[in-house]
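My numbering puts the first residue of the sequence shown at 33, with every later residue one more than the last. Glycine is no exception: its CB is placed at the ideal position from the N, C-alpha and C atoms. Owing to the predicted nature of the structure, the values given are computational and were not obtained by experimental measurement. Report on the structure given below.
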Amino acid sequence: MWTIWKEELYKITSRKIIWLSLFLLLAFATTRLYDERCHYTTTIEGTVYHGKEAIQKDQALASRYLGLLTEETVAQIYKDYGFFYYDAKGNAIGNYLNRFVTEEFTNFRQTDGNNLDEIHFYEGSDWENNSAYLLRNNVRFDYVYGWNDFAEMYILIILALFVILILGLSPVFAEEYQLKTADLLRTTRRGRGSGIWMKLLAAACFAVALTCAASAYMWGIYLTVYGVQGLNASSLLLNFATGFGYCPESVLGFFLYITCLGIIGSLLLTGIVTGISALCQSSFLALLFALSGYLFPVLWVKLLGYMFPLNIVLTRSINHFMTSMPVYLPMSTGFGFSVNQMLLHLSIAFVVGVAGMFVGYFRYRYH
Numbered sequence: 033m034w035t036i037w038k039e040e041l042y043k044i045t046s047r048k049i050i051w052l053s054l055f056l057l058l059a060f061a062t063t064r065l066y067d068e069r070c071h072y073t074t075t076i077e078g079t080v081y082h083g084k085e086a087i088q089k090d091q092a093l094a095s096r097y098l099g100l101l102t103e104e105t106v107a108q109i110y111k112d113y114g115f116f117y118y119d120a121k122g123n124a125i126g127n128y129l130n131r132f133v134t135e136e137f138t139n140f141r142q143t144d145g146n147n148l149d150e151i152h153f154y155e156g157s158d159w160e161n162n163s164a165y166l167l168r169n170n171v172r173f174d175y176v177y178g179w180n181d182f183a184e185m186y187i188l189i190i191l192a193l194f195v196i197l198i199l200g201l202s203p204v205f206a207e208e209y210q211l212k213t214a215d216l217l218r219t220t221r222r223g224r225g226s227g228i229w230m231k232l233l234a235a236a237c238f239a240v241a242l243t244c245a246a247s248a249y250m251w252g253i254y255l256t257v258y259g260v261q262g263l264n265a266s267s268l269l270l271n272f273a274t275g276f277g278y279c280p281e282s283v284l285g286f287f288l289y290i291t292c293l294g295i296i297g298s299l300l301l302t303g304i305v306t307g308i309s310a311l312c313q314s315s316f317l318a319l320l321f322a323l324s325g326y327l328f329p330v331l332w333v334k335l336l337g338y339m340f341p342l343n344i345v346l347t348r349s350i351n352h353f354m355t356s357m358p359v360y361l362p363m364s365t366g367f368g369f370s371v372n373q374m375l376l377h378l379s380i381a382f383v384v385g386v387a388g389m390f391v392g393y394f395r396y397r398y399h
């Protein structure tokens, strides 16, 4: 039976479109990070630094303020460096510290950012709604600029990688119908049983391996540029984390969490795509329906859910189902879901993934 597993894995990995797409995707991530590193600037005591030196200067500067983030820390940073702003030419004037304080504790985002007279600390309800949570949750402060960028890029790369997985997995069963080779495996009792499961196992192994490889590559290039500083800081410093719902405490924990969600999402996607593949008579139709199914939750959450108002309980149930699907699962932290809601979403993902594989198995076996 392991021969079938190896043959199916070889068949999937022999599709050149997968490796070309993966190369272009990772090349995009690498080029963007290189460009970010080259154009990184910081201003400290009137001196402007660029590139790798600027990153090191900001990291060293942030090291002076390690520890719990308090009002005293914010006030001291403002006293030492003032507010961050853009000059008349659009150049950033400031460093990581005062940029963090300016963006998180002032009305900077409600201004053009180029007039210091318009920038002021939040007050009253604005302070409570936008900034207070950073001072009430024992936030450990450190340099997390690079990890902020990593969070956004990692999720983007994983979601694009899922499209590549769809390209690779859509033909698993549909191609055999098209080539009239489906009966070869089903001629023996063992082939109709464990042989089909080996095909599904090969698809799942490929999906997990590709997701882990892409994750390791992303981790590697960001560690090369930014080092390990900031991984022990509080995850609330990241733009992708919220003060509401479940979120791991540290930056490292946060990234391990979304990495695991990415792997779970790849397994869920495998179940869905193989089920669709077994229901379609051609690889093109399988690809078309798989891509449509992958993107439909976005269409529902962004548009259809508002166009067709339903009972509030039913609407919430549908929304929870949609946000349990692969296109939303890796970015669950941005929705502020509670622990119970995340457990519900993972349960839905498990049921849908297993159901997809059973559909694929029985449809292919009795086709």
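Apart from the five residues just before and just after residue i, which ones in its own chain have a Cβ nearer than 7 Å to its Cβ?
| i | result |
| --- | --- |
| serine 314 | Ala206, Gln210 |
| glycine 368 | Thr274, Phe276, Gly277 |
| valine 330 | Val359 |
If you reduce the DSSP assignment to three classes, tell me which class residue i lands in.
| i | result |
| --- | --- |
| glycine 252 | helix |
| leucine 101 | coil |
| isoleucine 125 | strand |
| histidine 352 | helix |
| arginine 172 | strand |
| valine 359 | coil |
| threonine 143 | coil |
| valine 260 | coil |
| histidine 82 | strand |
| threonine 74 | strand |
| tyrosine 398 | coil |
| phenylalanine 328 | helix |
| phenylalanine 340 | coil |
| serine 226 | helix |
| threonine 32 | Lying outside 33 to 399, the shown extent of the chain, residue 32 is not represented and no answer is given. |
| tyrosine 165 | helix |
| serine 46 | coil |
| phenylalanine 182 | helix |
| tyrosine 118 | strand |
| serine 314 | coil |
| phenylalanine 153 | strand |
| serine 282 | strand |
| serine 266 | strand |
For residue i versus residue j, is the C-beta distance shorter than 9 Å?
| i | j | result |
| --- | --- | --- |
| asparagine 127 | threonine 75 | yes |
| aspartate 119 | tyrosine 177 | no |
| alanine 124 | threonine 79 | no |
| isoleucine 253 | alanine 61 | yes |
| serine 247 | glycine 294 | yes |
| valine 257 | isoleucine 109 | no |
| asparagine 139 | glutamate 150 | yes |
| aspartate 181 | glutamate 104 | no |
| phenylalanine 137 | tryptophan 159 | yes |
| isoleucine 296 | alanine 381 | yes |
| tyrosine 97 | leucine 129 | yes |
| methionine 185 | leucine 65 | yes |
Rounded to whole angstroms, what is the Cα-Cα separation between residue i and residue j?
| i | j | result |
| --- | --- | --- |
| isoleucine 50 | leucine 242 | 10 Å |
| leucine 37 | cysteine 237 | Rather than leucine, the amino acid found at residue 37 in this sequence is tryptophan. One C-alpha to the other measures close to 10 Å. |
| threonine 347 | isoleucine 189 | 30 Å |
| tyrosine 393 | lysine 231 | 9 Å |
| lysine 43 | valine 391 | 21 Å |
| lysine 84 | threonine 63 | 15 Å |
| glycine 366 | phenylalanine 287 | 13 Å |
| histidine 352 | isoleucine 187 | 19 Å |
| tyrosine 175 | leucine 327 | 35 Å |
| arginine 397 | cysteine 312 | 14 Å |
| glycine 114 | arginine 131 | 9 Å |
| glycine 325 | valine 240 | 20 Å |
| leucine 378 | asparagine 372 | 10 Å |
| leucine 342 | methionine 354 | 15 Å |
| aspartate 144 | glycine 122 | 10 Å |
| tyrosine 289 | methionine 374 | 12 Å |
| tyrosine 249 | leucine 376 | 30 Å |
| glutamate 77 | aspartate 112 | 9 Å |
| leucine 58 | leucine 255 | 15 Å |
| leucine 101 | cysteine 244 | 34 Å |
To which residues of the same chain is residue i closer than 6 Å at the C-beta, ignoring the five residues directly before and after it?
| i | result |
| --- | --- |
| alanine 183 | Leu270, Phe272 |
| glycine 291 | The sequence given here places threonine at residue 291; glycine does not occur at that position. Excluding residues within five positions, the ones whose Cβ falls inside 6 Å are Ser247. |
| phenylalanine 340 | none |
| glycine 156 | none |
By Cβ distance below 8 Å, which residues in the same chain neighbour residue i in space, the five residues on each side in sequence not counted?
| i | result |
| --- | --- |
| asparagine 40 | It should be noted that the sequence gives glutamate, not asparagine, for residue 40. Val204, Met230, Lys231, Ala234, Ala235, listed in sequence order. |
| alanine 322 | Ile198, Leu201, Ser202, Ile304, Val305, Ile308, Ser309 |
| valine 135 | Valine is not the amino acid found at residue 135; the sequence shown has glutamate there. Around glutamate 135: Phe116, Arg141. |
| serine 370 | Gly277, Tyr278 |
| histidine 152 | Thr138, Asn139 |
| leucine 54 | Leu193, Ile196, Leu242, Ala246 |
Considering only heavy atoms of the ligand NAP, does any lie closer than 8 Å to the CB of residue i?
| i | result |
| --- | --- |
| glycine 285 | The ligand NAP is absent from the structure shown, which contains no ligands of any kind. |
Exercise. Is there contact here, the segment 387-395 with the segment 292-308, by at least three beta-carbon pairs under 8 Å?
Worked result: Contact holds: three or more Cβ-Cβ distances are below 8 Å.
Exercise. Within the chosen definition, does the segment 164-176 reach the segment 259-278 through at least 3 CB pairs nearer than 8 Å?
Worked result: The segment 164-176 and the segment 259-278 touch, with no fewer than 3 CB-CB distances between them shorter than 8 Å.
Exercise. Quick one: any contact between the segment 351-367 and the segment 293-304, if contact means 3 or more CB pairs under 8 Å?
Worked result: These segments touch.
Problem set entry | Cβ pair count under 8 Å reaching 3, the segment 277-294 against the segment 334-353 | As far as the Cβ criterion goes, the segment 277-294 does not touch the segment 334-353, which means the pair count is below three.
Exercise. Per the contact definition of three or more C-beta pairs closer than 8 Å, is the segment 46-60 in contact with the segment 183-200?
Worked result: Verdict: yes, contact present.
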